[in-house]
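Residue numbering for the sequence shown follows numbering that gives the first Met the number 0, starting at 0 and increasing by one per position.
Note that CB positions come from ideal geometry on N, CA and C, so glycine has one too.
Have a look at the structure below, then the notes.
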Amino acid sequence: MPTRYVSRLAGLAVLILSMIAVVSWRHGNPGTVRLLEHPSLELPAPKGGRDRPLVAVLAANDGTETTDFMVPYGVLRESGKMEVVSVSTRSGPVQLHPVLTIRAEQTTEEFDVLQPDGADIVIVPALHRPDDPEAIRWLQRQAESGAVIVGVCDGVLTLAHAGLLQGKSATGHWFSLGKLTRRYRETTWIRDRRYVVDDRVVTTTGVSASIPVSLALVEAVAGAAQADRLALDLGIADFDAQHDSDVFGLSLELLLTLARNKLAFWNHERFEVPIEDGIDEIALALSADAWSRTYRSSAMTTHPSERWIRSRRGLVIEAETQVANAAVTLRPAIEPSAAALDDALMKISERYGMPTADLVAMQLEYAW
Numbered sequence: 000m001p002t003r004y005v006s007r008l009a010g011l012a013v014l015i016l017s018m019i020a021v022v023s024w025r026h027g028n029p030g031t032v033r034l035l036e037h038p039s040l041e042l043p044a045p046k047g048g049r050d051r052p053l054v055a056v057l058a059a060n061d062g063t064e065t066t067d068f069m070v071p072y073g074v075l076r077e078s079g080k081m082e083v084v085s086v087s088t089r090s091g092p093v094q095l096h097p098v099l100t101i102r103a104e105q106t107t108e109e110f111d112v113l114q115p116d117g118a119d120i121v122i123v124p125a126l127h128r129p130d131d132p133e134a135i136r137w138l139q140r141q142a143e144s145g146a147v148i149v150g151v152c153d154g155v156l157t158l159a160h161a162g163l164l165q166g167k168s169a170t171g172h173w174f175s176l177g178k179l180t181r182r183y184r185e186t187t188w189i190r191d192r193r194y195v196v197d198d199r200v201v202t203t204t205g206v207s208a209s210i211p212v213s214l215a216l217v218e219a220v221a222g223a224a225q226a227d228r229l230a231l232d233l234g235i236a237d238f239d240a241q242h243d244s245d246v247f248g249l250s251l252e253l254l255l256t257l258a259r260n261k262l263a264f265w266n267h268e269r270f271e272v273p274i275e276d277g278i279d280e281i282a283l284a285l286s287a288d289a290w291s292r293t294y295r296s297s298a299m300t301t302h303p304s305e306r307w308i309r310s311r312r313g314l315v316i317e318a319e320t321q322v323a324n325a326a327v328t329l330r331p332a333i334e335p336s337a338a339a340l341d342d343a344l345m346k347i348s349e350r351y352g353m354p355t356a357d358l359v360a361m362q363l364e365y366a367w
């Protein structure tokens, strides 16, 4: 048997065993609680006499979760009620995971020079290295300056590393809650809430919670009517904190689907996603993220001539200008923006079967 194939098998075995451990944990964990009452999200007045809150959406250049980063950026920009800036730990391209590359508007160092009072709100997506020292130092400074810190999905790991969850109530992605509960015992870990508010710290469940928590921030800044209108425009029926944690976990069927898809690497497909200036970054993120989680496919953005494309709400996204071996051209549903996820899951189920679509939805902690 070829060495490369043996390596794939070994890696897959480790992955499945770790997931089985998570499945076992899910069915009886005494370290998490269900919160009967949920504090509302209230924000302090903007700093320094600002007319509207300044929001910094943080990214680490070597790896940041795609939807965790792009959805809050897009939703908060779309609201028109906040000044939103993308910030990276250093200059240069930012690799999003599992797909896309972007350029942030400022580095953390540049942001600090331009905004000595700090941000009013900081969005922290899941980072490839949750203990990234630059990200942690910067978050600690922002928290000390009075910013509201929002950890989306596994962004909660970085908040925990930064010491921002000590004595707090928090939540996180279902896959990570066991590790979080064991490692951070001074934090009360909450189930059955898409987002948890504790003073100036907000945390969420998995990737798909980026939408409701973003709308909750809009509601806190601009009121319920404005948030409801925006939700309707985006195609969101509700964005309250209700959540059923018990429906998320890896069944034997999903584990077998993961193994089957990963091992059949000769059947893996690469999808081309043509983009141009004005592309809806919310729809793009939801669709490309989903298609890159099947263990059967990956996506890449393309443009005939331009390397960098500016999205509808101002994000700079990289595009490939030379395409080879792309099996299918993928065009995400973009109206309304949030419909892109259901559209992607439906098309994934048609192409690869319902178990693969369910596997993707489980990773995103999305009930569909």
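{"Asked": "Quick check on the DSSP output: the beta strand (DSSP E) that includes glutamine 94 runs from which residue to which?", "Found": "93 to 96"}
{"Asked": "Nearest to alanine 337 by alpha carbon, out of Ile281, Val151, Phe110 and Phe270?", "Found": "Ile281"}
{"Asked": "Apart from the five residues on each side of it in sequence, which residues of its chain come closer than 7 Å, Cβ to Cβ, to valine 22?", "Found": "Confidence is the limiting factor: at valine 22 the pLDDT is only 47, short of 50, which leaves the residue's position unreliable, though a coordinate-based value still follows. Gly248 and Leu249, listed in sequence order."}
{"Asked": "Between threonine 186 and serine 168, is the Cβ-Cβ spacing less than 9 Å?", "Found": "yes"}
{"Asked": "In terms of residue numbering, what span does the alpha helix (DSSP H) encompassing tyrosine 351 cover?", "Found": "338 to 351"}
{"Asked": "Using only the alpha-carbon positions, how far apart do arginine 128 and glutamate 305 sit?", "Found": "31 Å"}
{"Asked": "Could you tell me whether any Cβ in chain C is nearer than 9 Å to the Cβ of glutamate 64?", "Found": "Absent from the structure: chain C. Only one protein chain is present."}
{"Asked": "What number of angstroms, rounded off, separates the C-alpha of glutamate 349 from the C-alpha of histidine 172?", "Found": "27 Å"}
{"Asked": "What number of angstroms, rounded off, separates the C-alpha of asparagine 60 from the C-alpha of valine 93?", "Found": "4 Å"}
{"Asked": "Where does serine 369 sit, in a helix, a strand or coil, going by DSSP?", "Found": "With the chain covering 0 to 367 only, the question about residue 369 has no answer from this structure."}
{"Asked": "Assuming valine 359 contacts threonine 293 under a Cβ cut-off of 8 Å, what Cβ separation, rounded to an integer in Å, is found between them?", "Found": "6 Å"}
{"Asked": "Could you give the DSSP three-state label for aspartate 111: helix, strand or coil?", "Found": "helix"}
{"Asked": "So, with DSSP's three-state summary, where would you put glutamate 133?", "Found": "helix"}
{"Asked": "Of all the options Tyr183, Leu75 and Ala58, which has the alpha carbon lying nearest to the alpha carbon of alanine 219?", "Found": "Leu75"}
{"Asked": "Alpha carbons only, please: which of Ala258, Gly162, Leu156 and Thr66 is nearest the one belonging to glutamate 143?", "Found": "Gly162"}
{"Asked": "In the stretch 245 to 287, which residue ranges form an unbroken beta strand (DSSP E) of at least 3 residues, counting only runs that do not cross its ends?", "Found": "268 to 273"}
{"Asked": "If you drop the 5 nearest sequence neighbours on each side, which residues of the same chain put their C-beta closer than 6 Å to that of alanine 58?", "Found": "Phe68, Ser87, Val93 and Ala103"}
{"Asked": "Evaluate valine 112 with the Cβ neighbour count: other Cβ atoms within 10 Å of its Cβ, from every protein chain shown; 16 or more gives buried, anything less gives exposed.", "Found": "exposed"}
{"Asked": "Let me confirm a value: valine 246 is counted as buried when at least 16 other C-beta atoms fall within 10 Å, else exposed. Which label applies?", "Found": "exposed"}
{"Asked": "I'd like the list of long-range same chain contacts for leucine 314, defined as Cβ closer than 8 Å, with 5 residues on each side in sequence excluded.", "Found": "Met69, Tyr72, Gly73, Ser85, Ile101 and Glu280"}
{"Asked": "For the pair the stretch 191 to 210 and the stretch 149 to 162, tell me if three or more CB-CB distances fall below 8 Å.", "Found": "yes"}
{"Asked": "In the DSSP assignment, what residue or residues form a beta bridge with alanine 58?", "Found": "Ser87"}
{"Asked": "Exposed or buried, what is serine 39 when buried is set at 16 or more other beta-carbons lying within 10 Å of its beta-carbon?", "Found": "exposed"}
{"Asked": "From Ala44, Gln105 and Ile235, pick the residue whose C-alpha is nearest to that of proline 335; which is it?", "Found": "Ile235"}
{"Asked": "Is it the case that the Cβ atoms of tryptophan 290 and isoleucine 347 are separated by a distance below 9 Å?", "Found": "yes"}
{"Asked": "In angstroms, rounded to a whole number, what distance separates the CA positions of glutamine 139 and leucine 126?", "Found": "16 Å"}
{"Asked": "Distance, Cα to Cα, proline 273 vs isoleucine 316?", "Found": "12 Å"}
{"Asked": "If contacts are defined as beta-carbon pairs under 8 Å, then aspartate 357 and threonine 66 qualify, I think. What distance do you get, rounded to the angstrom?", "Found": "So it is not a contact: roughly 18 Å between Cβ atoms."}
{"Asked": "Near valine 83, which residues of its chain fall below 7 Å by C-beta distance, leaving aside the five closest residues on each side in sequence?", "Found": "Val54, Val56, Tyr72, Leu75 and Arg76"}
{"Asked": "How is the alpha helix (DSSP H) around alanine 226 delimited, first residue to last?", "Found": "223 to 233"}
{"Asked": "Beta-carbon within less than 7 Å of leucine 214's beta-carbon, same chain only, minus the 5 sequence neighbours each way: which residues are those?", "Found": "Val74, Ala226, Leu229, Ala230, Ile235 and Phe238"}
{"Asked": "Using a threshold of 9 Å, state whether the C-beta atoms of methionine 299 and valine 98 are closer than that.", "Found": "yes"}
{"Asked": "Less than 9 Å between the beta carbons of alanine 221 and serine 90, yes or no?", "Found": "no"}
{"Asked": "Exposed or buried, glutamine 241, counting other C-beta atoms within 10 Å across all chains shown (16 or more means buried)?", "Found": "exposed"}
{"Asked": "Applying the 10 Å Cβ sphere with the 16-neighbour rule, what's the burial state of threonine 328?", "Found": "exposed"}
{"Asked": "When you compare only the Cα positions, how much space is there between isoleucine 210 and threonine 170?", "Found": "16 Å"}
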